[in-house]
Amino acid sequence: FLILTSFLCVLAAQLQLRPSMAAAGALPRDLFNLGIASRICTDHNSTAKASTDFGHMFEATPEALFHPRTPADIAELIRFSSSSPAPFPVAPLGNGHSGRGQTLAPGGVVVDMRALGRGHHARRVNVSAAGDEPPYYVDAGGEQLWIDVVRATLEHGLAPRVCTDYLHLTVGGTLSNAGIGGQAFRHGPQIASVHELDVITGMGEMVTCSVTKNSELFFAALGGLGQFGVITRARIGLGPAPKRVRWVRLAYSSVVSFTKDQEMLILDRASDFGFDYIEGQVQLKRTLFEGPKSTTFFSYGDITKLIGLASQSGLSTIYYIEGAMYYSEDGTTLVDQALQKMEALLGQLSFEPGFVFSKDVTYVQFLDRVCEEERVLRSAGVWDVPHPWLNLFVPRSRILDFDAGVFKCIFRDSNPAGLILMYPMNKDKWDDRMTTVTPTSDDVFYNVALLWSALSTNDVEQLHRDNKAVLAFLEKANIGYKQYLPHHTSQDGWLQHFGVKWSKIIVLKAKYDPQAILSPGQRMFLSPA
Ligand code: FAD
């Protein structure tokens, strides 16, 4: 044990485990003698584009923005940096929808992954649906947006089993975290559906990996926060796609009934009875009273009805289960069967009587629903604002404590703009060999996502204070949570985040990215610049 500990200490020292976003310095001149030099842009317009992200809370300008034509271009850049006497950071930029500067590379080069899919190069989304028998899968470039992957697979009547709520994220970007959504209770996160990856390591080696081939790198890269390699291709399992979706929101006044019903619903792992998609939302009373009078889901009449519910009972919070049931539109019998199935299911749930809100949409409309919200928010000028998000995984056994301490105490009288998600997932659908971490206790944990939008400087400060108060409460109450899309600013923070996995992370980092050049914006290891 002592030998192992000293070994890890040496590795940690070599990797200089101190978080940092500081640094800068010119890139080595020789870089501009490489064949890829014409695609490395150092002009202000280019570097400015890569100097912030969706969160709009961190800024750092790289030395250059690189537009690769092929994965081999990326390998050449990384090989050059890692073997240089003056290595520099390299950060793949997917669609830049991180919240806390995870794509930034001060003093280094940001790789515009989306450039791989541009131009007249080989098609980088290829669906394999030959024959009537599964397995069906899609080979998608790491730079591809999920919306494009979904559209390509739907042409074959197939779809990824799990989609994030928002599809304008890249394959590499979500697989570097986990990729969760309302289908994860049944199929696990997106990383659980990956059969194979092409990864470029921190030494510039191009490696194909899977559960049976180079499995160590495969598991490391999935949920690996970009620390062990750049994902340039993922082979993702597919299932049959439905044509249409019955989409409901059910309102609850009691958190106990809300969580009890959610947990009962996710126990059902087969698709022949329950919902195919389950999420949940929390609405603070003041956001209902003072927020928009209609949304992309709720009409003016719906909101008026919900305000009535909140006023009558003096509630501080309303909860919604969001469920979706898939069906095929071929033939009235099937439509009737779907309706009966929905009625039977709703009959078993304890939402407020009469508070069922429903829609009937195509599958692609359902999957791409957040795009409609984006359109509305953009036109109101509140999409490109700071987003001090806090995403948490909370063990089932402590979710009521969380509700009492956070929603009914810290946010009791607040009216922050944004959205709160809260829905459970089954832990046994997560493969612990992958890098992502989940709470260690309980077989079920909740994703609680505080998705704030700050509309003024005061809001930013207030929301930072609120988030800090939430974290302090979680620590004090010993909730045993994990952050999702984690953000830690100290080595202790990462150590606590990864727990027993941390020593393995250090060994893997030393093996696959010994110069610690990859994705420095995660602030896990000190980057060389
Ligand atoms: P980026 O922000 O560009 O990159 C993220 C990180 O991954 C960076 O560290 C980057 O260096 C690294 N990276 C990027 N590409 C690669 C690659 N090819 N190989 C290795 N590392 C790479 N997440 C969910 O799980 N479920 C949701 O429902 C969900 N909804 C969201 C809705 C919105 C509106 C937003 C803004 C985010 C949402 N997210 C959700 C979070 C999202 O999945 C992550 O922020 C994701 O990383 C963003 O993808 P991206 O392509 O923009 O990645």
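Residue 373 in UniProt numbering is what sits at position 365 of the sequence shown, and the numbering runs on without skipping anything. Note that the Cβ used here is the ideal one computed from N, Cα and C, for glycine as well.
Exposed unless 16 or more other CB atoms sit within 10 angstroms - verdict on residue i
| i | result |
| --- | --- |
| HIS395 | buried |
| residue 592 | Residue numbering for the chain in the displayed model covers 9 to 537; residue 592 lies beyond these limits and cannot be assessed. |
| TYR335 | buried |
| VAL263 | buried |
| GLN320 | exposed |
| LEU166 | buried |
| CYS417 | exposed |
| PHE281 | exposed |
| ALA318 | buried |
| GLN345 | exposed |
| PRO93 | exposed |
| TYR308 | exposed |
| GLN24 | Bear in mind that the predicted position of GLN24 carries a pLDDT of just 45, short of 50, making it unreliable; the figure below should be weighed with that in mind. Exposed, by the Cβ-count rule. |
| PRO248 | exposed |
Coil, strand or helix - residue i by DSSP
| i | result |
| --- | --- |
| ARG47 | helix |
| GLU483 | helix |
| residue 4 | The requested residue 4 is not part of the displayed model; the chain covers only 9 to 537. |
| ILE418 | helix |
| TRP510 | helix |
| HIS203 | strand |
| ILE329 | strand |
| THR216 | strand |
| residue 5 | Outside the shown range of the chain, which is 9 to 537, sits residue 5, and nothing can be said about it. |
| ARG254 | strand |
| PRO432 | strand |
| ARG531 | coil |
| ASP368 | strand |
| ILE155 | helix |
| LYS490 | strand |
| ALA30 | Because ALA30 carries a pLDDT of 38, less than 50, the predicted location of this residue cannot be relied on, and no value is offered for it. |
| GLU287 | strand |
Alpha-carbon spacing of residue i relative to residue j, whole angstroms
| i | j | result |
| --- | --- | --- |
| GLY180 | TRP510 | 22 angstroms |
| PHE62 | ALA56 | 14 angstroms |
| VAL402 | GLY149 | 32 angstroms |
| THR446 | ILE487 | 13 angstroms |
| VAL468 | ARG169 | 36 angstroms |
| MET430 | ARG252 | 25 angstroms |
| LEU112 | SER387 | 28 angstroms |
| ALA477 | LEU400 | 14 angstroms |
| PHE9 | PHE226 | In this prediction, PHE9 scores a pLDDT of 41, lower than 50, which makes its location untrustworthy; no coordinate-derived value is stated. |
| ALA99 | SER358 | 48 angstroms |
| GLN499 | CYS49 | 33 angstroms |
| ALA30 | GLY104 | Note that ALA30 scores 38 on pLDDT, short of 50, meaning its location in the model is unreliable; the coordinates nonetheless yield the value given after this. Each residue's Cα considered, the two are about 20 angstroms apart. |
| SER46 | LEU463 | 40 angstroms |
| LEU503 | VAL146 | 35 angstroms |
| PHE236 | THR209 | 6 angstroms |
| SER261 | LEU230 | 38 angstroms |
| TRP412 | GLY109 | Rather than Trp, the amino acid found at residue 412 in this sequence is Ala. Taking the straight line from one Cα to the other gives about 31 angstroms. |
| ALA32 | ILE525 | Low per-residue confidence applies at ALA32: pLDDT is 41, beneath 50, and the placement is therefore not dependable, though the value from the model is reported in the following sentence. Computed Cα separation, rounded: 13 angstroms. |
| PRO79 | PHE305 | 41 angstroms |
| LEU273 | GLN289 | 15 angstroms |
Residue i CB to nearest heavy atom of the ligand FAD below 6 angstroms
| i | result |
| --- | --- |
| TYR59 | Note on identity: in this sequence residue 59 is Ser, with Tyr being the wrong assignment. Because no heavy atom of the ligand FAD lies under 6 angstroms away, the Cβ of SER59 does not count as near it: no. |
| PRO100 | yes |
| SER238 | For clarity, residue 238 is Val in the given sequence; the question names Ser instead. Yes. |
| ILE188 | yes |
| GLN152 | no |
| ASN103 | yes |
| SER106 | yes |
| TYR327 | no |
| ASP173 | yes |
| HIS455 | For the sequence presented, residue 455 should be read as Asn rather than His. ASN455: no, Cβ never under 6 angstroms from the ligand FAD. |
| THR209 | no |
| ASN185 | yes |
| GLY196 | no |
| GLN110 | yes |
| GLY288 | no |
| GLY180 | yes |
| SER527 | yes |
| LEU385 | no |
Minimum Cβ-Cβ distance from residue i to chain D less than 7 angstroms
| i | result |
| --- | --- |
| THR220 | Within the model displayed, chain D is absent; a lone protein chain is all it includes. |
Practice task
Inspect the CB distances between the region 188 to 205 and the region 76 to 86 and report whether three or more fall short of 8 angstroms.
Solution key: no
Problem - the region 314 to 331 / the region 259 to 275 touching (three or more Cβ pairs under 8 angstroms) - result: The region 314 to 331, when compared against the region 259 to 275, does touch it at the 8 angstroms Cβ threshold.
Handout entry: Given 8 angstroms, three or more beta-carbon pairs between the region 432 to 446 and the region 181 to 197
Key = yes
Exercise for the section: Would you be able to state if there are at least three C-beta pairs under 8 angstroms between the region 213 to 222 and the region 181 to 190? Expected result: no
Practice task
Say whether the region 359 to 372 touches the region 241 to 261, bearing in mind that this needs 3 or more beta-carbon pairs closer than 8 angstroms, one atom from each stretch.
Solution key: yes
Exercise for the section: Determine, using beta-carbon pairs with one atom in the region 376 to 393 and one in the region 172 to 179, whether at least three such pairs fall under 8 angstroms. Expected result: The region 376 to 393, when compared against the region 172 to 179, does touch it at the 8 angstroms Cβ threshold.
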